[in-house]
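So the structure is just underneath, and the comments pick up after that.
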Amino acid sequence: MKVRDMMQQNLVTVTPTMSLAQVQRFMHDKRIRHLPVVRGHHLVGIVTDRDIRDASPSPATTLSKGEIQYQMDTTPVRSCMSRNVVTVHPDDDMVHAARILLDQKYGCVPVLEEKRLVGIITETDCLQAMLVATNG
3 MKVRDMMQQN
13 LVTVTPTMSL
23 AQVQRFMHDK
33 RIRHLPVVRG
43 HHLVGIVTDR
53 DIRDASPSPA
63 TTLSKGEIQY
73 QMDTTPVRSC
83 MSRNVVTVHP
93 DDDMVHAARI
103 LLDQKYGCVP
113 VLEEKRLVGI
123 ITETDCLQAM
133 LVATNG
């Protein structure tokens, strides 16, 4: 089974200049944990819900709620995104994608074709591929 058979193609993406608050809302509203960061159709990074939490002010901060909100509204996602992103190709085998997820402890792997973002593979997609493979 190939990556193209299981990848998610209806992608939600963000740009490097979007604020942490905007990205956090996207993740909450869409109920997703990973977002590719793009310029046009070109992948420039990836941001996770953990990246956003780590970049957010500590709950033990002395900042006021307004100051925290200001910081979240004015800090661009490029400040906390991962830039060196491991990717796969649509024609790669799903076993290869699953191995990357497992070995690197990633939650997702973006799918690039000719340097263009065309999809994403998640842990759930790998589990679904396994079910498809075992149930015919």
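Those letters in the sequence shown? Residues 3 to 138, per the numbering used here, in order. Every residue gets a Cβ at the ideal spot worked out from N, C-alpha and C, and that includes glycine.
- With respect to the alpha helix (DSSP H) encompassing ARG101, which residues constitute its N-terminal and C-terminal limits? 96-106
- Query: My guess is that LEU45 and LEU103 are in contact by the Cβ rule of under 8 Å, so how many angstroms apart are they, rounded?
  - Reply: Contact between LEU45 and LEU103 does not hold, since the beta-carbon distance rounds to 17 Å and is not under 8 Å.
- Please classify GLY121: is it buried, with 16 or more other beta-carbons within 10 angstroms of its beta-carbon, or exposed? buried
- Separation of MET3 from GLN106, as counted between CA atoms: 21 Å
- Query: If we call anything under 7 Å between Cβ atoms a contact, is ARG35 one with THR50?
  - Reply: yes
- Check whether the Cβ atoms of ILE48 and VAL87 sit closer than 7 Å, and answer yes or no. Yes, Cβ-Cβ distance for ILE48 and VAL87 is below 7 Å.
- Message: Does ILE134 pass the burial test, meaning 16 or more other C-beta atoms within 10 Å, or should it be called exposed?
- Response: Checking the displayed sequence, the identity of residue 134 turns out to be Val instead of Ile. Burial call: exposed.
- Beta bridge counterpart(s) of SER81 as assigned by DSSP: Note: SER81 sits in no beta bridge, so no partner.
- Message: Suppose the cutoff is 7 Å on Cβ atoms and the five residues either side in sequence are ignored; what does the same chain contact list for THR76 look like?
- Response: SER21
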